[in-house]
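Comments concern the structure below.
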Amino acid sequence: AYVTQVGNGGSAPAKNTATVNQPGDANFANVSQVGSSLMADVEQSGSHNTAYSTQTGPTGDVNITQSMDWNQAYVTQINYGAGLNTAGVVQSGSSNLANVTQNGNSFTASVAQGGNGNVATVWQHF
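For the sequence shown, the residue numbers in the numbering used here are 917 to 1042.
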């Protein structure tokens, strides 16, 4: 797991928060957050899962849960406005791919993949 958080001065209301929990085997998570008040939570209880979460500006909320094997989840959120971007990916099957890109603010994306071999792409922009 790699986690990089930049923030803007570290004041309490502007802190970024990242949680990565990997009780499974051979999982990889890369969380990179730049702005302020960004939150990312990655839970990987299966094996050989990959999760990225990249957020740039205020504010964003990402939740990725991978409970089986060989799943891939990629989330990118760029938000320079006043609204909250929220992205949630739940992969309870195996060999699934989810790619979420939100470029703007006040977007919500939710992906649930319970079977095997599913592909989901969400792109929201304004």
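The beta carbon of each residue, even a glycine, is placed where N, CA and C say it ideally should be.
Between the CA atoms of residue j and residue i - distance to the nearest angstrom
i: ILE980; j: ASN937; result: 10 angstroms
i: THR970; j: ALA989; result: 11 angstroms
i: ASP957; j: PHE1042; result: 26 angstroms
i: ILE994; j: VAL1006; result: 21 angstroms
i: PHE1023; j: LEU1013; result: 20 angstroms
i: VAL922; j: THR972; result: 10 angstroms
i: TYR918; j: ASN946; result: 5 angstroms
i: THR935; j: MET955; result: 8 angstroms
Outcome for residue i when other beta-carbon atoms lying within 10 angstroms are tallied against a minimum of 16
i: ALA998; result: exposed
i: PRO974; result: buried
i: VAL1035; result: exposed
i: TYR968; result: buried
i: GLY951; result: buried
Residues near residue i in its chain [Cβ-Cβ closer than 6 angstroms; skip 5 each side]
i: GLY962; result: GLY940, GLN982, SER983, MET984, ASP985
i: GLY1031; result: GLY1009
i: GLY1033; result: SER1011
i: HIS964; result: ALA942, ASP985, TRP986
i: GLN960; result: GLN938, GLY940, ASN943, GLN982
i: VAL1016; result: VAL991, ALA1003, ALA1025, VAL1038
i: GLN1040; result: GLN1018, PHE1023
i: TYR996; result: GLY973
i: GLN1029; result: GLN1007, GLY1009, ASN1012
Top-ranked residue by Cα proximity to residue i, from the options
i: ASN932; options: SER953, TYR968, ALA1014, ASP957; result: SER953
i: VAL978; options: THR1037, VAL1027, VAL922, TYR918; result: VAL1027
i: SER948; options: TRP1039, THR992, GLN960; result: THR992
i: THR966; options: ASN1015, VAL1016, ASN943; result: ASN943
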